[in-house]
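K.L.:
Counting from 1, one number per residue, gives the positions in the sequence shown under the UniProt record's numbering. For glycine and all other residues, C-beta sits at the position ideal for the given N, C-alpha and C. Since this is a predicted model, take the numbers as computed values, not measurements. The structure under discussion is supplied below as structure tokens; questions concerning it will follow.
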Amino acid sequence: MTYKEFYGTDYDKFKKVLDSVLNTIELSSLACIQYTTSRIKSPESVLKKIGNDYALLHDIIGIRIICSFVDEIYEVKDWINSSFEVVQVRDYLRHPKPSGYRSLHVIIKVDGCLVEIQVRTIALDFWANLEHQIHYKKDIEDEKLIRSELKRCADEIASLDLSFQTIKDRIEG
């Protein structure tokens, strides 16, 4: 099933909103942004998650903003607050998920559409991408051990981010 078949006329609206938000980010000239990625959630992913009623989702349109340092995540958050209508903020940096997942999620509303913006450091994005690949594999042998190792790695990466932040703060002193 194509995006157009699944979303119908909403697909063009989603693309327009996504392009608008990406353009606003690009024009922001925030030097701390290393790169962005984006997507419109695939029909398969929506069907697997909730079925046909995609209106229930807040992350059909998703953007990920990657920074180098943790303090830059909050700099981006402040900019988002001043540039968009913010609906919700979930701070998984200060309150990590039990799995160890860390990120800042900001849900904004643009032209009636919800857009989820995730802001992470390079290190947090690295962990999340690997965890995502492993998470969706079925019949994992020693799953409890693997989850424990993933959590340990997440904690080490958070510690690494803190060390880099400390180094940056001392240099900028």
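#1: With DSSP run on the structure shown, which of helix, strand or coil describes Leu-130?
#2: With burial defined as no fewer than 16 other Cβ atoms inside 10 Å of the residue's Cβ, what is the status of Val-87: buried or exposed?
#3: So is Lys-77 buried or exposed if we call it buried at 16+ other beta carbons inside 10 Å?
#4: Tell me which same chain residues have a C-beta within less than 6 Å of the C-beta of Asp-125, skipping the five on either side of it?
#5: Going by alpha carbons, who is nearest to Lys-97 out of Leu-57, Glu-26 and Ala-154?
#6: Helix, strand or coil: how does DSSP classify His-105 here?
#7: For Thr-24, tell me which candidate among Asp-10, Ile-117, Val-89 and Pro-43 has the shortest Cα-Cα distance.
#8: Using a threshold of 7 Å, state whether the C-beta atoms of Ile-107 and His-58 are closer than that.
#9: Could you check if Arg-152 is buried or exposed, using at least 16 other CB atoms within 10 Å of its CB as the buried criterion?
#10: Ignore the nearest five residues each way along the sequence and tell me which others in Val-89's own chain have a CB closer than 6 Å to its CB.
#11: Measuring CB to CB, does Ser-83 end up less than 7 Å from Ile-63?
#12: What are the boundary residues of the beta strand (DSSP E) that includes Glu-85?
#13: In chain order, what residues of the same chain have a beta carbon less than 8 Å from the beta carbon of Val-110, not counting five sequence neighbours either side?
#14: Using the Cα positions of His-135 and Phe-6, report the straight-line distance between them to the nearest angstrom.
#15: Between Gly-51 and Glu-44, what straight-line distance do the alpha-carbon atoms span, to the nearest angstrom?
#16: Taking the Cβ atom as the reference point for each residue, do Ala-123 and Leu-93 lie within a distance shorter than 7 Å?
P.N.:
Based on what the coordinates show:
#1: Walking along the sequence shown from the start, residue 130 turns up at place 130. DSSP places Leu-130 in helix when its eight states are reduced to three.
#2: Start at 1 with the first residue of the sequence shown, and residue 87 comes out as number 87. Around the beta carbon of Val-87, fewer than 16 other beta carbons lie within 10 angstroms, which makes this residue exposed.
#3: In the sequence shown, the residue the question calls residue 77 occupies position 77. Buried is the call here.
#4: Residue mapping note: residue 125 aligns to position 125 of the sequence shown, counting from 1. These residues qualify, in order along the chain: Ile-66.
#5: Here residue 97 refers to the residue found at position 97 when the sequence shown is read from its first residue. It is Ala-154.
#6: Counting from one through the sequence shown, the residue named residue 105 turns up at place 105. Assignment of His-105 by DSSP, reduced to helix, strand and coil, places it in the strand class.
#7: One-based indexing of the sequence shown puts residue 24 at position 24. Nearest C-alpha to Thr-24: Ile-117.
#8: By 1-based counting over the sequence shown, the position of residue 107 is 107. By 1-based counting over the sequence shown, the position of residue 58 is 58. For Ile-107 and His-58, yes; Cβs fall inside 7 Å.
#9: Counting from 1 along the sequence shown, the entry for residue 152 is found at position 152. By the neighbour-count rule (16 or more Cβ atoms within 10 Å), Arg-152 is not buried but exposed.
#10: In the sequence shown, the residue the question calls residue 89 occupies position 89. Answer for Val-89: Val-106, listed in chain order.
#11: In the sequence shown, residue 83 corresponds to position 83, counting from 1. In the sequence shown, residue 63 corresponds to position 63, counting from 1. Their beta carbons are not under 7 Å apart, which means Ser-83 does not touch Ile-63 by this criterion.
#12: Here residue 85 refers to the residue found at position 85 when the sequence shown is read from its first residue. Residues 85 to 91.
#13: Mapped onto the sequence shown, residue 110 falls at position 110. So the list reads Val-17, Ser-20, Val-21, Phe-84 and Glu-85, once near-sequence residues are dropped.
#14: Start at 1 with the first residue of the sequence shown, and residue 135 comes out as number 135. Start at 1 with the first residue of the sequence shown, and residue 6 comes out as number 6. Straight-line spacing of the CA atoms in His-135 and Phe-6 works out to 26 Å.
#15: Locating residue 51 in the sequence shown gives position 51, counting from the first residue. Locating residue 44 in the sequence shown gives position 44, counting from the first residue. In a straight line, the C-alpha of Gly-51 is about 9 Å away from that of Glu-44.
#16: Your numbering for residue 123 matches position 123 in the sequence shown. Your numbering for residue 93 matches position 93 in the sequence shown. Inclusion of Ala-123 and Leu-93 in the CB contact set at 7 Å is not warranted, their separation being larger than that value.
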